[in-house]
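Chains as they are written, first to last, in our numbering: chain E, 1 to 221; chain Z, 1001 to 1221; chain F, 2001 to 2221; chain Y, 3001 to 3221; chain V, 4001 to 4221; chain H, 5001 to 5221; chain S, 6001 to 6221; chain L, 7001 to 7221. Where is the CB? At the ideal position from N, CA and C, for every residue including glycine. To keep things clear, I will list the structure first and then write my remarks on it.
Number of protein chains: 8
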Amino acid sequence: MTVDAVLDLERRERIGLTEAILCPGKTTKQITDICASVNTERQPLLLTRLSPEAFEALPKDLRASLDYDDLSATAILGKLPPAKGPARIAIVTAGTSDLEAAREAARTLACYGEAVTEIADVGVAGLWRILKRVDDLRAHPVVIVVAGMDGALPSVVGGLVSSAVIAVPKSTGYGAAQKGETALRSALSSCAPGVLVVNIDNGYGAACAALRILGARARSG
Amino acid sequence: MTVDAVLDLERRERIGLTEAILCPGKTTKQITDICASVNTERQPLLLTRLSPEAFEALPKDLRASLDYDDLSATAILGKLPPAKGPARIAIVTAGTSDLEAAREAARTLACYGEAVTEIADVGVAGLWRILKRVDDLRAHPVVIVVAGMDGALPSVVGGLVSSAVIAVPKSTGYGAAQKGETALRSALSSCAPGVLVVNIDNGYGAACAALRILGARARSG
Amino acid sequence: MTVDAVLDLERRERIGLTEAILCPGKTTKQITDICASVNTERQPLLLTRLSPEAFEALPKDLRASLDYDDLSATAILGKLPPAKGPARIAIVTAGTSDLEAAREAARTLACYGEAVTEIADVGVAGLWRILKRVDDLRAHPVVIVVAGMDGALPSVVGGLVSSAVIAVPKSTGYGAAQKGETALRSALSSCAPGVLVVNIDNGYGAACAALRILGARARSG
Amino acid sequence: MTVDAVLDLERRERIGLTEAILCPGKTTKQITDICASVNTERQPLLLTRLSPEAFEALPKDLRASLDYDDLSATAILGKLPPAKGPARIAIVTAGTSDLEAAREAARTLACYGEAVTEIADVGVAGLWRILKRVDDLRAHPVVIVVAGMDGALPSVVGGLVSSAVIAVPKSTGYGAAQKGETALRSALSSCAPGVLVVNIDNGYGAACAALRILGARARSG
Amino acid sequence: MTVDAVLDLERRERIGLTEAILCPGKTTKQITDICASVNTERQPLLLTRLSPEAFEALPKDLRASLDYDDLSATAILGKLPPAKGPARIAIVTAGTSDLEAAREAARTLACYGEAVTEIADVGVAGLWRILKRVDDLRAHPVVIVVAGMDGALPSVVGGLVSSAVIAVPKSTGYGAAQKGETALRSALSSCAPGVLVVNIDNGYGAACAALRILGARARSG
Amino acid sequence: MTVDAVLDLERRERIGLTEAILCPGKTTKQITDICASVNTERQPLLLTRLSPEAFEALPKDLRASLDYDDLSATAILGKLPPAKGPARIAIVTAGTSDLEAAREAARTLACYGEAVTEIADVGVAGLWRILKRVDDLRAHPVVIVVAGMDGALPSVVGGLVSSAVIAVPKSTGYGAAQKGETALRSALSSCAPGVLVVNIDNGYGAACAALRILGARARSG
Amino acid sequence: MTVDAVLDLERRERIGLTEAILCPGKTTKQITDICASVNTERQPLLLTRLSPEAFEALPKDLRASLDYDDLSATAILGKLPPAKGPARIAIVTAGTSDLEAAREAARTLACYGEAVTEIADVGVAGLWRILKRVDDLRAHPVVIVVAGMDGALPSVVGGLVSSAVIAVPKSTGYGAAQKGETALRSALSSCAPGVLVVNIDNGYGAACAALRILGARARSG
Amino acid sequence: MTVDAVLDLERRERIGLTEAILCPGKTTKQITDICASVNTERQPLLLTRLSPEAFEALPKDLRASLDYDDLSATAILGKLPPAKGPARIAIVTAGTSDLEAAREAARTLACYGEAVTEIADVGVAGLWRILKRVDDLRAHPVVIVVAGMDGALPSVVGGLVSSAVIAVPKSTGYGAAQKGETALRSALSSCAPGVLVVNIDNGYGAACAALRILGARARSG
């Protein structure tokens, strides 16, 4: 039985993004091998969904070289690039439990030198909180909105700003919230026109999409 | 084969509400027979989901004695009671296609002498519209909120007023809106505490619940 | 990366309810910090879905100041207000495993000085049990009905009383009960008019809704 | 291309039931050919779900020889056997729109000489209606319960009688009723022990099951 | 807060079945208290879904008085009645993992003095196995068929015997088997007429239904 | 706005199959244009799901050149190749309403010169029918099994023959059959090893798969 | 009963997009009234999902002033602005039936002066078709990909270009395609990082998102 | 209570495949007993889904005689037959986490002397990886494609080769990937004609199907 593993090393040239390592489903050895094989000089390597237990299981020296963040369960191997300038991306969260995905998005963007503005705890049950931040929001060409439960926040934000709005449904809540499925469907059915959606809890995907959008700028400006 | 049909004539004494006729699944003859058998002196009879085609199929003289409204697909047999006083119930709608259920609720309440205030076209994509009406909303002890698609409006209203809030999910939208299922789940998962929910498109049920709430007042005040 | 957390401190003024802390998805430190930051003089702070393990993980002095109940997995920080008078809310349960949500509702109401009457073990498989309590039920303007599996009890209660009826579907049962989904859909499809529904296992939400309803009474009386 | 159609003519010998014709998905010609090929001397042939339009499309002479009932959309070819004695099967319905499936069951049973007692309009929203009929119900060894929407009636009946109880979920209702799916799941999750369930709207299946049960009686008595 | 627990002690008189204790969702103390309060002289008490861990957590003397079976996760308190005669119920299983529910059914029936014939490992992938047992099957007026995965066995059995056939879908399999949901739907859609269905894994319910059916015999014979 | 339509003309060279035209979602003009543009000398063109109404709407001369079959709703443009030899593919159907998909498969195969043996009406409720045909079935290296409702037939066939077995779930049945979804899941969960599955009603896909399998034979023999 | 309709006239100032009219659920009169009330001097009015039947029901003079396109079921009232320059948005479709949503997107963009490049019939079953267009695709900062059935195309495109990729799942296909639900979930689960998704068939939403993205560019360049 | 277990020992003669042991749902003792009872001289015994914990729980001497592989969670008892010749089956995987099912398939095939070619890490996000291997793929008459998340790979492969293509959906991914359900539906809805599908994660089933296909070859060649 021959296995021919082929890393997609030219991905950055092709689509402007390097491959990140989604850790669940990979063994400790597989993660360790990948970390050893990647050249992080030009671009740090991001590991996502690396649970504290999985992190602890890694070899000690690898752990020492990783920048690990347990809130987002991400690790970064290699040096972050300097920030390119003021934040062009705002990350809005409805409640405390939305911070995980927000942080995953922020850490992904940091790998590409993008600063972010985080605007937290602005769920629609206390509407005045988001209304106080509208001018701030409008100053960012891309707004990532993380929201679970009813998923009402992306629609509200989408009606307040002309920026590109990316909804990250969050698997917060219970029962009818169906592990983020309700927030996902709510964002897809948004009454605000042009709200974009990524997978449940997918802060990484939202960040990649933001990079595509801002990268698009350079080429079409 | 013997059929023993038993009308629940004492329902009003027991629960304060008379039986309405849900027309789908009933033949023209069955509807006609029921209308002939009910005494509407003390209380008009409400027929719900009576499509224009089903209405046209009824005998001419019955049609003449019915107050038919095609927007809500309801008909009323018998005289409406006078309004009991100023509106204690507000009915809020997100968009034009939510008016069907709103009207069904309003017509049900009219059968019991309850006036309503309708506040239309205040979907969250244009948030300032609902914000301008907050004081008005707060003046009503019961607020019925009809919303389809993302179903974000009940959460917003639930965060603005202390009134009893009843969400009526509406089968508006397509695809991920899943014929009202998304709006239903969104209302059930509301981040605003204490939002109550009835079945999709069920303006009649929301009205009955409002009557229970207001009736509760009299006994417990 | 800047995080701007904004507590919704004016919520009580706006909607008559203070914010409760839904514990899952929050770290021990976050829960501890919130407890330290809240002024419970006017109103105790309620923590919901705080598992015994999560409770044990809290600092010893915080644990000492919390009134913890493991049946409902709730904790209360601060002094409960005196009961306002005789119970205006009845909480009906079908079986033993429904007591969790019933207790969550009762504890939420206690935070606002509302006494409750609990009527337990009256599932419809032994119908005479609920029938013996009808007069008692009718004396309460609000009836909360907790039921899992087939979710038949809210319909039965809704047909017996004119009170506001709030169904709390319970994630009891297995297989076709689908973790409360069947009880939820059953309550939403109730043949008794005007039955209101909250999310699966959401005793807290039912209590908040009951408070809105009783509050509505005061203002509209 | 060769087609080898094989009728299951020995089914009655094997399982005590003859094959009925489920009409949807069959062409007018196919239905006509089957009717021509079946010997109905010993046992009439039942056609189910034969819509009025499909019935009208049949050849005139076939129509003349069919006993067609539009409420249940069934037709019977051949002479019904005489009733074997007093009704051993009760058919209980919650509301008017449940009569379709009830009639389908009754007509199927008639093909085997079984009389039935129909007890209609006894939905749980008016509980006293079913309570008045308990003694009557108990006199029947098999009780078929047809109910849509919340599907609460089978649980109530199952708690009142020791008879075999067969629930027929009905596709009545809208929204959360999900075309009978909620009534189906509710019956399967019944809190009354030993409630049996057949497919949505399947009055024919309930009747066949009742015949199996009564046949079991004869052999094992 | 007052809790009024009401045991349904007269259930046996009413429906011929005593209440069994479904253990999940009940605390060790609640189970212990119930066992202490029930009089098992006339009828043993059955506890279902009592996991080995939950059994071990019970007080030592209670454990000593229980007849515990870990395959079916059931315990019986009190003396089993003598068998009433030869087996009238056959329990058929498709594979090894179906034995859990089969044993739960057999143990329930033993509480009422009903012997059973178990016919195991006769899944349809090796059709000759069930065909060899047809005469044996036909000798039993009630046949319980436990099957997971594709759930094909109830249809095959339903086409071979005239007995009452009760399908118990089993949560065997993975992926598209959806924890028994596929076997459940398959049994409900059976092409064999009159197959009856209970909830997934519900051996207890199938046994209760069999008792109702056989009980029906006595009264209507 | 420029549209660049690109027909996949080299598909036959690449995968041994030409493109068929799935008619729903295409206008009469689009279908007509495609028929005009395709060279059918080497290979006839197959149109699938062409309803009688859609067929009648085509231009008269196109209709005249099409070989239309209303049972399978397929049309063939161009001359069928001669059959390559005796049937290597058997198509088994459970009931009359499965013939549509069976015929679609047979017509697709005819476009490639493959004869088929159709074995109809062998549903598992009358098991002896399929058992009589086992030797015949075993003589075919590929067996396509079309079955709706409970979808039990593919498992039975898969346990009887060593041939490649392709299940075509059929959208026959109602309620719990869920438009073929149950038959689909049942086939995917088959207890017979190595049963292959295509989409619901997809006789065309089953035929293409059979061609791939038989083609595989030639190359690897 | 008072209805207060409030048009969201300032939406363009707030979010850069004017309100479009989603026609289903609106009466002919409502559509006519809206058309009469809107000033289209600065910006044409777009009507979406206006079926040919609904279009024909409009008053003759309104019809004359509308630019109606039946493929996309859209109508435009008012003069289109001149194109702003070469196409910055590519619209890629997998097959003929994806053209509806593609055209809806293109027409929406035309209302804002954005030209598009349509690249049709490049489904992944004939991979060379999309590969030939990669350079062309890469020249567009935004790529909209419309695909139904398996929804594989967005992942392929997302792996080929660095542009912002917006997937529009299409309700093409049958059975397991579940009216676009499979294509929707497939796009959300894309293995290509940063693919953005809008609702099923929502060409309008994809166009609005593209406008937000291009607008973002201008402000943040 | 008598249990009559019947092993399907003649399965190999009937369908060319021996029975494998699906371990979940079986006790350590049951697995041990089966291993002791099977004669593996002619054919090794395969145990699937045997977790490392379940393997460790087996008796030491049984463990010593098993060839255990933790990646695929399979064990083989008995000697593998020699490979029959060069690989006729290719197994293609999209990513690292797809290797589990691929290895299960390869190990199953090894039990029958079939060599395989594994082609790993060729997900469609880096399309050039699969394109480089097309000639290699085409050399195999059967191609098994394992893919999770969006499940796009089977469609791409199905469009590139004329071989029989068997898709194994993998339960990789999160949220909208729904534990393999999306990959399953995507493969069933493939735009490439004739793609065959087995259950989620069912590498064993894919291997059995491949054996049926290759066996078909011998008989029909």
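- At least 8 Å separates the CB of Lys3132 of chain Y from every CB of chain H.
- For Val7092 of chain L against Val7145 of chain L, the beta-carbon gap comes to about 5 Å, under 8 Å, which counts as contact.
- Take the alpha-carbon of Leu7160 of chain L and the one of Gly5016 of chain H: they are about 10 Å apart.
- Near chain L, meaning a CB-to-CB distance below 9 Å, the residues of the stretch 166–177 of chain E are Pro169, Ser171.
- Within the model, the alpha-carbon separation for Pro2052 of chain F versus Asp2070 of chain F is close to 7 Å.
- At a cut-off of 8 Å between C-beta atoms, Thr1182 of chain Z counts as an interface residue with respect to chain E.
- In this chain, the alpha helix (DSSP H) harbouring Ala5105 of chain H covers 5099–5110.
- In the DSSP assignment, Glu3010 of chain Y falls outside any beta strand (DSSP E) and carries neither an H nor an E.
- Beta-bridge partners of Thr4117 of chain V (DSSP): V:Ala4090.
- Taking 8 Å as the CB threshold, Thr6096 of chain S lines the interface with chain H.
- Counting along the chain, Thr7032 of chain L sits inside the alpha helix (DSSP H) bounded by residues 7028–7037.
- Thr1040 of chain Z: not part of any alpha helix (DSSP H); DSSP gives it neither H nor E.
- In the DSSP assignment, Asp135 of chain E falls outside any beta strand (DSSP E) and within the unbroken alpha helix (DSSP H) covering 134–138.
- Among the residues facing chain H, Ile3200 of chain Y is included, as its CB has a counterpart in that chain under 8 Å away.
- Setting aside the 5 residues that flank it on each side, Leu196 of chain E is surrounded in the same chain by Ala164, Val165, Ile166, Ala167, Ala209, each with a C-beta closer than 8 Å to its C-beta; the list follows chain order.
- Interface criterion not met: the Cβ of Leu7080 of chain L is under 8 Å from no Cβ in chain H.
- Between the stretch 118–130 of chain E and the stretch 1144–1158 of chain Z there are three or more C-beta pairs closer than 8 Å, enough to call the two in contact.
- Distance from the CA atom of Ile4089 of chain V to the CA atom of Arg3212 of chain Y, rounded to whole angstroms, is 14 Å.
- Taking 4 residues as the minimum length, the alpha helix (DSSP H) runs contained wholly in the stretch 5142–5216 of chain H are 5153–5158, 5181–5188, in order along the chain.
- A buried status is given to Glu5118 of chain H, since no fewer than 16 other beta-carbon atoms sit within 10 Å of its beta-carbon.
- Judged by DSSP secondary structure, Leu4062 of chain V falls within the alpha helix (DSSP H) whose first and last residues are 4060–4065.
- When secondary structure is reduced to three states using DSSP, Ala5020 of chain H falls in the coil class, being assigned neither helix nor strand.
- For Ala2054 of chain F, the uninterrupted alpha helix (DSSP H) segment begins and ends at 2052–2056.
- Around Val4197 of chain V, the beta-carbon contacts reaching into chain Y at under 9 Å are Leu3188, Leu3196, Val3197, Val3198, Asn3199.
- Pairwise C-beta distances place the stretch 181–197 of chain E out of contact with the stretch 77–88 of chain E, as fewer than three of them are shorter than 8 Å.
- Residues of chain F whose Cβ lies closer than 7 Å to the Cβ of Arg4011 of chain V are, in chain order, Gly2126.
- Residue environment: Leu2046 of chain F is assigned as buried (16 or more neighbouring CB atoms within 10 Å of its CB, all protein chains considered).
- Taking Gly4113 of chain V as reference, the option from V:Gln4043, V:Ala4073, V:Met4149 with the minimal CA-CA separation is V:Gln4043.
- Under the 8 Å criterion on CB atoms, Pro7154 of chain L is classed as non-interfacial with respect to chain H.
- In chain order, Val6092, Thr6093, Ala6094, Arg6129, Ile6130, Arg6133, Leu6153 place their CB closer than 8 Å to the CB of Val6122 of chain S, counting only its own chain and leaving out the 5 sequence neighbours on each side.
- The shortest CA-to-CA distance from Ser6037 of chain S to any of S:Gly6151, S:Leu6062, S:Gly6203, S:Ala6057 is the one to S:Leu6062.
- At a cut-off of 8 Å between C-beta atoms, Ser5162 of chain H counts as an interface residue with respect to chain L.
- Rounded to whole angstroms, the gap between the alpha carbons of Arg2012 of chain F and Lys1060 of chain Z is 56 Å.
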